[in-house]
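So for the sequence shown, the numbering used here puts the first residue at 6; every next one is plus one.
For glycine and all other residues, C-beta sits at the position ideal for the given N, C-alpha and C.
Read the structure below first, then the notes.
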Amino acid sequence: MNRLAAIIKEARLKAKLTEKQLAKKCGLSEAYIIQIESGKKVINEKAAENILNKLGKKLESVYDQIEAKETPVKAKEIKEEKKEAYTPIEPTHQWADALANIIKKFPIYDIANNKVVGFKDLPVIDKKIEGFHWEKLMFLQVDNDEMEALRIKRNDIITISLTKEIHNGSVYLIEVNKKRILRQLRREQNNRVVLSTGVKGENPVITDLNKVEVIGKCVKVEFRF
Numbered sequence: 006m007n008r009l010a011a012i013i014k015e016a017r018l019k020a021k022l023t024e025k026q027l028a029k030k031c032g033l034s035e036a037y038i039i040q041i042e043s044g045k046k047v048i049n050e051k052a053a054e055n056i057l058n059k060l061g062k063k064l065e066s067v068y069d070q071i072e073a074k075e076t077p078v079k080a081k082e083i084k085e086e087k088k089e090a091y092t093p094i095e096p097t098h099q100w101a102d103a104l105a106n107i108i109k110k111f112p113i114y115d116i117a118n119n120k121v122v123g124f125k126d127l128p129v130i131d132k133k134i135e136g137f138h139w140e141k142l143m144f145l146q147v148d149n150d151e152m153e154a155l156r157i158k159r160n161d162i163i164t165i166s167l168t169k170e171i172h173n174g175s176v177y178l179i180e181v182n183k184k185r186i187l188r189q190l191r192r193e194q195n196n197r198v199v200l201s202t203g204v205k206g207e208n209p210v211i212t213d214l215n216k217v218e219v220i221g222k223c224v225k226v227e228f229r230f
């Protein structure tokens, strides 16, 4: 485990948070936090800053802490080493192709107007991202607080797995009357479907399934604080 990973874990434990709770605060997966703390995944500065901010620490002070723990070397003990000539290696097209197969840039669309509002760089392993085929995923930015009761708020980023299959109680991206919206779905008899925002006491919309185009299921929410 590297020092930065150890400090993140120490801060999490001090805050009395589980990996799952910290992941939720940061909009990350529990597995990602576990991999970082175990040293299996190298964390970049932006991700580290995000996690440390949620734990009440600043990245700069953490770097100062790491440097303070390093054993100081006296100037007189430093010996000038003989510099060896080297030939810089230029990246080849094969390298670029290999990296392109690992990291892919995905657009983030605004739900309301379908315009690109940002991008996500995500690792693709065996053509999958967190168990889902990358070609069956889309990323959307929420444009309102209609689903706040289900902890989905404006500007949150949601991951949609493209599917037509309905699992009762799950949140779906659907199109109704040429408008894309998020709703919790429950399929009923006689080819009817209930559309809900999750608000207690609401009067959910009940309509014919053929009037609703199911685009995909919400499989992840990245909270924006």
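Query: Length of the line joining the Cα atoms of K81 and R159; Result: Low confidence applies to K81: its pLDDT is 49, below 50, so where it sits in the model is not reliable enough to give any reading.
Query: Sufficient close CB pairs (3 or more, under 8 Å) joining the region 156-172 to the region 182-197; Result: yes
Query: Coarse secondary structure for K30, derived from DSSP in three states; Result: helix
Query: Segment limits, beta strand (DSSP E) that includes Q146; Result: 142-146
Query: Three-state class that DSSP yields for S175 in the structure shown; Result: coil
Query: Closest by C-alpha distance to M143, when choosing among K183, K120, I48, K30; Result: K120
Query: Bridge partners - R126, DSSP secondary structure assignment; Result: Looking at the sequence itself, residue 126 is Asp, so the reference to Arg does not match. Paired residue(s): K110.
Query: Nearest neighbour of K125, chosen from G136, K110, H138 [CA to CA]; Result: K110
Query: Contact check, G221 vs L155, beta carbons under 8 Å; Result: no
Query: Limits of the unbroken alpha helix (DSSP H) element including Q40; Result: 35-43
Query: Cβ-based neighbour list, V219, same chain, cut-off 7 Å, excluding 5 preceding and 5 following; Result: K169, I171, Y177, I179
Query: Cut-off 8 Å between Cβ atoms - residues of its own chain near E207, not counting five sequence neighbours on either side; Result: S201
Query: Sequence-distant residues of the same chain with beta carbon closer than 8 Å to E140, five excluded per side; Result: K132
Query: One or two residues paired with G221 in a DSSP bridge; Result: L167, L178
Query: Start and end residues, beta strand (DSSP E) containing E193; Result: 184-193
Query: Proximal residues to V199 (C-beta, below 6 Å), its chain only, five neighbours per side dropped; Result: R191, P209, I211
Query: Buried or exposed (CB count within 10 angstroms, at least 16 for buried), A28; Result: buried
Query: Local conformation of L22 per DSSP, three classes; Result: coil
Query: Buried versus exposed, by CB contacts within 10 Å (16 or more), K62; Result: buried
Query: Check whether I38 and E24 have beta carbons under 8 Å apart; Result: yes
Query: Limits of the beta strand (DSSP E) - the one that I211 falls within; Result: 210-213
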